[in-house]
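Peer 1: I'd like to ask some things about the structure below.
Residue numbers (my numbering): 56 to 461.
In structure tokens, the structure reads:
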């Protein structure tokens, strides 16, 4: 093993997409620079998420050269989440781990055989850790797991608030806005719902303020996809340098359940590019009435499909799960009538499915990782945004760059 002389500390937030992107980014860095090692500090989710928690606990056992994992202690007292201020509550939960981060880094530095810590690499939701990095006199970098255009949107909204413009009125209007990181006018109807509330705007202002304290922003995108947005951000001398480093993808997929093997075997028997994949991310789920409408449409279309159907959680602090029997929410007889043309599964190994030659279409929630994966594998996408910035992702992919369909 090469002699390392510098150490980076990564602090991703506990979301499967965020953690995977951060680990892939870490792999890129250590492969690029043999003198670098990385320690990833893992925060357990504040909500009930068996699959995510299991994944986090498996990481310290992984053998990745010059990348190590430390699981931070979990507070015995469950966090109190305000359903009306979930983003702020989650941000506060993440940054309540500052004391654990401080202790771990202090221990790393105190070891006689340790390498100097040369920087923190943070998520947009863990930027409160910049204060901890400052205590150790090391710079912070933010790994922005969404796209450059959306990063610019946040800066634009910040500028409106500074100018005392009514952001709430804009968000609830039916107009269009000229945003520097977009070529086309952006309809206000695709603005994230978060920014329709004071809590959301307060979070945005705090986030952008912390971003400005970073030494640089690393974005999971690439120049050929977001040429205009990246040039726009790079021309802003008031903002830290922005580096497009994507696409950062986990192309190994995720080890899953027996059905994963079953669905791959089923795909092996289908003609090339004949199957539509419906997959809506780790948070994506629908109520029964919508599930039935999707089922009717799939059946009437006659097309082959794989549908990742998730069960809605019983409360806001639990992630969607899998149905023991999906037939309880599907139309009577649907599974029997479509058994020759379709397959309904729970959690989906999305990368493995998109990579399969039988998959020729993708109905997606438009999470940024999913958009990059669809581009990587060349699978046409029909957009079905659900939450967060997904409406803006869909607008960018469909209208701005013409690489997806509504």
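The beta-carbon is built from N, C-alpha and C at its ideal position, and this holds for glycine as well.
With a 10 Å radius around its C-beta and 16 neighbouring C-beta atoms as the bar for buried, classify residue 109 as buried or exposed.
Peer 2: If you number the chain shown from 1, residue 109 lands on position 54. Looking at its Cβ environment, which holds fewer than 16 other Cβ atoms inside 10 Å, residue 109 is exposed.
Peer 1: Enumerate in chain order the residues of its own chain whose CB-to-CB distance from residue 336 is below 6 Å, with the five nearest sequence positions on each side excluded.
Peer 2: As a working note, residue 336 is residue 281 in the chain shown. Only 420, 422 meet the Cβ criterion.
Peer 1: Counting only runs that start and end within the segment 255 to 294, where is the beta strand (DSSP E) found for 3 or more residues in a row?
Peer 2: 271 to 274
Peer 1: Just to confirm the assignment, what range does the alpha helix (DSSP H) spanning residue 127 have?
Peer 2: One-based indexing of the chain shown puts residue 127 at position 72. Per DSSP, residue 127 belongs to no alpha helix (DSSP H) and is neither H nor E.
Peer 1: Taking just the CA atoms, how far does residue 156 sit from residue 187?
Peer 2: By 1-based counting over the chain shown, the position of residue 187 is 132. By 1-based counting over the chain shown, the position of residue 156 is 101. About 8 Å.
Peer 1: Here's the rule I'm using: 16 or more other beta-carbon atoms within 10 Å means buried, otherwise exposed. How should residue 310 be labelled?
Peer 2: Taking the chain shown and counting its residues from 1, one reaches residue 310 at position 255. Only weak support exists for where residue 310 lies, its pLDDT of 44 falling under 50; the value from the coordinates is given anyway. By the neighbour-count definition (other C-beta atoms within 10 Å, threshold 16), residue 310 is an exposed residue.
Peer 1: What does DSSP give as the partner residue(s) for residue 363 in the beta ladder?
Peer 2: On the chain shown, position 308 is the one that residue 363 refers to. DSSP output for residue 363 lists 400 as bridge partner(s).
Peer 1: To the nearest angstrom, how far is the alpha carbon of residue 440 from that of residue 379?
Peer 2: Taking the first residue of the chain shown as position 1, residue 440 is located at position 385. Taking the first residue of the chain shown as position 1, residue 379 is located at position 324. Between residue 440 and residue 379, the C-alpha separation is close to 26 Å.
Peer 1: Where does residue 298 sit, in a helix, a strand or coil, going by DSSP?
Peer 2: What you label residue 298 is simply residue 243 of the chain shown in a count that begins at 1. Residue state, collapsed to three classes: strand.
Peer 1: Name the DSSP bridge partner or partners of residue 196?
Peer 2: Looking up residue 196 in the chain shown gives position 141. According to DSSP, which records beta bridges pairwise, residue 196 is partnered with 176, 271.
Peer 1: Can you give me the start and stop residues for the alpha helix (DSSP H) that residue 90 sits inside?
Peer 2: If you number the chain shown from 1, residue 90 lands on position 35. No alpha helix (DSSP H) holds residue 90; DSSP gives it neither H nor E.
Peer 1: Looking at C-alpha atoms only, which residue of 68, 385, 268, 204 is the closest neighbour of residue 455?
Peer 2: Residue numbering aside, residue 455 sits at position 400 when the chain shown is read from its first letter. Of 68, 385, 268, 204, the residue nearest in Cα terms is 204.
Peer 1: Taking the alpha carbon of residue 365 as the reference point, which residue from 332, 302, 399 has its own alpha carbon closest?
Peer 2: Here residue 365 refers to the residue found at position 310 of the chain shown. Residue 365 has its Cα closest to that of 399, out of 332, 302, 399.
Peer 1: Assuming residue 359 and residue 330 make a contact with CB atoms under 8 Å, what is their CB distance in whole Å?
Peer 2: The residue labelled residue 359 in the question sits at position 304 within the chain shown. The residue labelled residue 330 in the question sits at position 275 within the chain shown. 4 Å between Cβ atoms; contact.
Peer 1: Would you call the CB atoms of residue 457 and residue 434 closer than 8 Å?
Peer 2: Taking the chain shown and counting its residues from 1, the one referred to as residue 457 is at position 402. Taking the chain shown and counting its residues from 1, the one referred to as residue 434 is at position 379. Cβ distance not < 8 Å, so residue 457 and residue 434 don't count as in contact.
Peer 1: What is the rounded straight-line gap between the Cα of residue 394 and the Cα of residue 361?
Peer 2: One-based indexing of the chain shown puts residue 394 at position 339. One-based indexing of the chain shown puts residue 361 at position 306. Computed Cα separation, rounded: 11 Å.
Peer 1: Specify the secondary structure class of residue 413 as computed by DSSP and reduced to three states.
Peer 2: To locate residue 413, count along the chain shown from 1; it is residue 358. Coil, per DSSP.
Peer 1: From residue 447 to residue 318, what does the alpha carbon distance come to, in whole angstroms?
Peer 2: As a position in the chain shown, residue 447 is number 392, starting the count at 1. As a position in the chain shown, residue 318 is number 263, starting the count at 1. Residue 447 and residue 318 have their C-alpha atoms roughly 31 Å apart.
Peer 1: So with Cβ pairs under 8 Å, would you call residue 109 a contact of chain B?
Peer 2: Among the protein chains of the structure shown there is no chain B, as only one such chain exists.
Peer 1: Which of the three DSSP states is assigned to residue 109 in this structure?
Peer 2: Along the chain shown, one-based indexing puts residue 109 at 54. Note: residue 109 maps to helix in three-state DSSP.
Peer 1: For the alpha helix (DSSP H) that residue 147 lies in, which residues bound it at each end?
Peer 2: Start at 1 with the first residue of the chain shown, and residue 147 comes out as number 92. Residues 141 to 150.
Peer 1: The alpha helix (DSSP H) spanning residue 450 covers which residue range?
Peer 2: Position 395 of the chain shown, counted from the first residue, corresponds to residue 450. The continuous alpha helix (DSSP H) containing residue 450 extends over residues 445 to 450.
Peer 1: On a Cα-Cα basis, can you pick out the residue from 238, 292, 256 that is closest to residue 283?
Peer 2: Indexing the chain shown from 1 puts residue 283 at position 228. The residue with the shortest Cα to Cα distance from residue 283 is 238.
Peer 1: So residue 249 is in the alpha helix (DSSP H); what residue range does that whole segment cover?
Peer 2: In the chain shown, residue 249 corresponds to position 194, counting from 1. It is not in any alpha helix (DSSP H) - residue 249 carries neither H nor E in the DSSP assignment.
Peer 1: With DSSP run on the structure shown, which of helix, strand or coil describes residue 232?
Peer 2: For the purposes of this step, residue 232 is taken as residue 177 along the chain shown, with counting starting at 1. Note: residue 232 maps to strand in three-state DSSP.
Peer 1: Report all residues from its chain with a CB closer than 8 Å to the CB of residue 99; omit the five preceding and five following residues, and keep chain order.
Peer 2: As a working mapping, residue 99 is identified with position 44 in the chain shown. So the qualifying residues of the chain are 69, 108, 111, 126, 127, 129.
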